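The letter at position 171 of the sequence shown is residue 171 when you use full-length UniProt numbering, and the numbering goes up by one with no holes.
C-beta: ideal position from N, C-alpha, C; glycine also.
Predicted model, so just to flag it, every value in this text is computed and none were measured.
Here the structure comes first, spelled out in structure tokens, and everything after it is commentary.
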Amino acid sequence: MEQPTQQRTRRQRTPQQAGRQYQQQQPQQQTGQQYQQQPRSFDQAVPQQVSQAIHQLEELESDAEWAHGQAMKAGDRFTSGMLADLTQIIHLQKTLLLRQSDLAQTFGQCTQQALQQSAQQLQQSEAPGVQQVIQQAQQITQTIHQASQQATQQGQSQQMGQPQSPQGGGQPF
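Next comes the structure, spelled out in structure tokens:
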């Protein structure tokens, strides 16, 4: 007996919400008496170009998830699989940018290639929303490159003189 497939839904977060999560997870310091670190706003914690890229990635991820659902309804396995993969790649890219990880730039190159390749392969799809995803994917590749460079540089400059974190660099998230 075939079980119905469950569609995973993800609550959409704005860059400000992601920034609040970043603030909440900052470690609090104690020196004899209780010292609470001043919360940093999202805009202060992340460079503007990175913030803009995260916002665009949020939109692309949301649209790709919606198009994935439409392709599933239409029974288009190739398109739905490609969109599901893209959604995962985009989500990881956002995470690395938010953390200002040393890997953001390297993974950014992979993300750009994946977006370009999938845009070509999805060109013939007739599933609703796919053409919009293709357009967004083509527009965001340069933004990812620039934001990844900036996030990596920012993460490395914040690391100067600090021990390497076990997460592979960047900020804890």
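DSSP places Ala147 in the helix class (H, G or I) of the three-state scheme. Residue burial annotation: Phe107 is buried, with at least 16 other C-beta atoms found within 10 angstroms of its C-beta. For Val50, the enclosing alpha helix (DSSP H) begins and ends at Gln48 to Lys73. Remark: C-beta atoms of Asp102 and Thr152 approach each other more closely than 8 Å.
At a Cβ-Cβ threshold of 8 Å, Val130 and Leu98 do not count as neighbours.
As the crow flies, the alpha-carbon of Gly75 is around 31 Å from that of Thr95. CA-CA distance, Gln146 to Val50, rounds to 8 Å. Of the candidates Ser148, Thr143 and Ala127, the residue whose Cα lies closest to the Cα of Phe78 is Ala127.
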